[in-house]
Amino acid sequence: MSNENIALKQNLTALQEDLTNTEQQVASIVDSFIELGVSVYDFPGTKEAAQGMVTNLKRNVDRLLKLNQISNDPESQLQNINIPLEVVQYIEDGRNPDIYTREFVEAIRRSNQYQRAKMHGLQQLRDSLAEKIIEEFPDLDPSVQDIIKRTTPSS
Numbered sequence: 004m005s006n007e008n009i010a011l012k013q014n015l016t017a018l019q020e021d022l023t024n025t026e027q028q029v030a031s032i033v034d035s036f037i038e039l040g041v042s043v044y045d046f047p048g049t050k051e052a053a054q055g056m057v058t059n060l061k062r063n064v065d066r067l068l069k070l071n072q073i074s075n076d077p078e079s080q081l082q083n084i085n086i087p088l089e090v091v092q093y094i095e096d097g098r099n100p101d102i103y104t105r106e107f108v109e110a111i112r113r114s115n116q117y118q119r120a121k122m123h124g125l126q127q128l129r130d131s132l133a134e135k136i137i138e139e140f141p142d143l144d145p146s147v148q149d150i151i152k153r154t155t156p157s158s
């Protein structure tokens, strides 16, 4: 295995670790905010309950600060990840980002099918024209065969 492949594998491993840690931190923050929301909804008005909410809120702020520091760390592999703006918009709109992924894959599939059909149609046109040219101008056969050879995709 070359040094380049080893470095790539190490970068991927570090990226996976960073993503796993970030996912766990975000899940923890979300859970804490849910708990805080329940506490606010069921707030009994006691001093102890208020102190508990303040403590929970401080813990959330500390977790957000830590997450922000990690995400802005120049050594972090997370610096190399670009998230499409459309995915962020899906999340802000309260939609599942998996829907974006599914729709994107379907759009690419449709585009590929269209391009494949277009290529097939052009190949048929090329072959038909080549056949007619050879019928009418037999002396052009080597040139036509050369063109067909150069324009046929290799498998």
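Numbering-wise (the numbering used here), the sequence shown opens with residue 4 and increments by one. The C-beta atom is built at its ideal place from N, Cα and C for all residues, glycine as well.
(1) Any Cβ of chain D within less than 7 Å of the Cβ of glutamine 126?
(2) In angstroms with no decimal places, state the Cα-to-Cα distance between glutamate 78 and proline 156.
(3) Less than 7 Å between the beta carbons of valine 90 and proline 100, yes or no?
(4) Does the beta-carbon of asparagine 59, which I'm using as the reference point, lie nearer than 6 Å to any heavy atom of the ligand ZN?
(5) Can you find the residues in the same chain that come closer than 7 Å, C-beta to C-beta, to glutamine 144, ignoring five residues on each side of it along the sequence?
(6) Tell me whether aspartate 96 is buried or exposed, calling it buried when 16 or more other Cβ atoms sit within 10 Å of its Cβ.
(7) Answer with buried or exposed for aspartate 21, where buried requires no fewer than 16 other C-beta atoms within 10 angstroms of its C-beta.
In short:
(1) The structure shown contains no chain D, having only a single protein chain.
(2) 44 Å
(3) In this structure, proline 100 lies closer than 7 Å to valine 90 by Cβ.
(4) The ligand ZN is absent from the structure shown, which contains no ligand whatsoever.
(5) A small fix is needed here, since residue 144 is aspartate in this sequence, not glutamine. Here the set comprises Ile137.
(6) exposed
(7) Result: buried.
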